[in-house]
Structures are given as structure tokens and as C-alpha cells.
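Peer 1:
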Amino acid sequence: MDVSIHPRFTENRFVYLTYSHGTENANRTRVARATFDGKALTNLRVIFEVSQSKSGGQHFGSRILWLPDRTMLVAIGDGGNPPIQLAGDLIRKQAQNLRSDLGKIVRLNDDGSIPQDNPFVNNANAEPAAWSYGHRNIQGLSFDPTTKRVWATEHGSQGGDELNLIEAGKNYGWPLVTHSREYTGGEISKERSRPGMVDPKMVWTPAIAPSGLAFYSGDRIPDWRGDLFAGGLVSQDVRRIDLDADGNVLSQQSINIGQRVRDVRQGPDGFLYVLTDEQMGQLIRLEPATG
Ligand SMILES: [Ca+2]
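Position 121 (the sequence shown) corresponds to 391 in our numbering; numbering is contiguous.
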């Protein structure tokens, strides 16, 4: 589901992959590390897997984001929609269970071990990998190198997709508070906000189905510096999100792509790259119009 190179890739040649592993009845998100020898990946080793197996093919996450201290954040989905269950209850409730990796962002060292400054590392009732919780299914994760802010986009159910400013140890509410509804039309919760839970910075209803998120810090497109770019699978566009200094959303603008957008990245050349996932998926480079 994601491919990411180590911040010191030129020295160690490490490549990281996230993927779903197992069977229809028992599967979980995994993180593996391999070495790229110039032609192929070798020494593939699983360095992390979600604490519990789930059934079905939904809500694995999963994006990788490197922090400046060379730890990695990995987004893990809540496990699936009703009627998927775990331990006799809807699996999505695991997003509020700190003993589960489901519905979390986890933070790992580059070998998969647990950083000793993780927020719940001294909590005997929590998974030590957990970094933030109450997430449904994050498929966009990006970092602002100036403010050190972590941004995530998360799929709602029907409507209620979210842009969140992520901080260590915080609860983002799912499924106790949400703007989204069941696919069958009913309420998931009557509550949109609750003390002790973090409200989204932005909500998309109808859903854009956000996938891929890039904080733009390049110099090729000066007008776009400091803006977020969120891909949309259903909206088939990229949303440019203008932020103020406090990280509040000022406005959004749709850049029409006309295909399902799976990922958005800033390239080392300072341009924005958009990956689409239709039959003939394309890699598109966005450049400023001339003249
Ligand atoms: Ca939320």
C-alpha cells in the first residue's frame, strides 16, 4: 500500500513496504524492510505487523511518513465496516482500544522496534507502538518541515472525510464522534465533537475519498508553498488547501485530474506528482501554467 525509502537511503539502500498479508478470513497490515541492490529488493524482512488478525478486505491503511528523528509513522485502518466484527463487537470500535493497533497511527524505529518516547509506552493497557488513535482509515500522511506539523487525511463512511492535524497521544474520535453516516444511511453517532477528542480541521461531505497528501515546500511553484494537496479517489481531483499560520484551513481549490487520484507527492525537483489508479494508471506532473 505504500513504498518509502529510508531518509538515508543513499547510504543504507533500505526500502519500506506496507501491505495486507494473510487470507480472506485472517489478515493484517504489515510493514517490511528490504535492501535495494540497484536491480531488485533483497533481504525482505517483516519489521511490524498489526496486533490482531481481521477478516475481509477493507481498511488496512496505510501510509508511511518519516519524521526528522528518523522514526516512521505508519497509518493503520480500523479493520472494516459493519458487519465485520472482532471479539464479538464491531471491529471499528478497536479504533478506541489502545490495546489494538487498529485505527491508529503507530510510530516505529527504522528497524521496527518501539521508540521509548512513544506516548503510551509506559501505559500497561496500551500498545506501545500507538502514537495517535480514533482513526477510521488514513490514506494520506504528510509533514510540514517548517512547523513540524503532521497532517493526515482519513476516509469517512458515507461523507465525513477528514483532514486532521495529528499530535502524539491524541484521540481523533472515530467512531464515537463523526460527521459521516452508515453506508445504509443511519447515524454512526449523533455526536460531532466531544471534549478530549480532536476535531478535524476540515470535513468533506460528500466524500472525496482522500488518498495521498503532500505538504508543498518546494520552490518551483511559490504560490503553493505552505499549502496541502489532497488527492481524491471519488472526486477525481487534487484539493489545494490553503492554511493560516495556526494550521486552520482558509480555503480549498479543486484541481481537476479526471481520474481517481491515489497519491500526491512532492518530487525532489520541486514539482508535484499525482498518481492515478484507473486501468491505465498515470503518473502526472503538475507545473505552473506559463504565459
Ligand atoms: Ca475524527
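Think of the CB as a built atom: it goes at the ideal place given N, C-alpha and C, for glycine as much as any other residue.
Examine ligand 1 and report whether any of its heavy atoms sits within less than 7 Å of the Cβ of residue 350.
Peer 2: no
Peer 1: Where in the stretch 372-447 do unbroken runs of the beta strand (DSSP E), each at least 3 residues long, occur, reported from the N-terminal end onward?
Peer 2: 374-378, 400-403, 408-414, 419-424, 431-436
Peer 1: Grouping DSSP H, G and I as helix and E and B as strand, with all else coil, what is residue 296?
Peer 2: Coil at residue 296, not helix or strand.
Peer 1: Grab the span of the alpha helix (DSSP H) containing residue 318 for me, first residue to last.
Peer 2: It is not in any alpha helix (DSSP H) - residue 318 instead sits in the beta strand (DSSP E) that spans 311-319.
Peer 1: Let me see if you follow: with CB-CB separation under 8 Å, is residue 424 close to chain B or not?
Peer 2: The structure shown contains no chain B, having only a single protein chain.
Peer 1: DSSP three-state label for residue 562, please.
Peer 2: What the structure shows of the chain is the stretch from 271 to 561, and residue 562 is not part of that stretch, so it cannot be assessed.
Peer 1: For the beta strand (DSSP E) that contains residue 473, what are its first and last residues?
Peer 2: 472-474
Peer 1: May I have the straight-line CA-CA distance separating residue 483 from residue 321, to the nearest angstrom?
Peer 2: 26 Å
Peer 1: Report the rounded CA-to-CA distance for residue 423 versus residue 306, giving the unit in angstroms.
Peer 2: 30 Å
Peer 1: Whole angstroms is fine: what's the gap from residue 327's alpha carbon to residue 354's?
Peer 2: Rounded to the nearest whole angstrom, the CA to CA distance from residue 327 to residue 354 is 10 Å.
Peer 1: Hey, is residue 456 close to ligand 1, as in C-beta under 7 Å from one of its heavy atoms?
Peer 2: no
Peer 1: My guess is that residue 346 and residue 332 are in contact by the Cβ rule of under 8 Å, so how many angstroms apart are they, rounded?
Peer 2: Their Cβ separation, rounded to whole angstroms, is 6 Å, which keeps residue 346 and residue 332 in contact under 8 Å.
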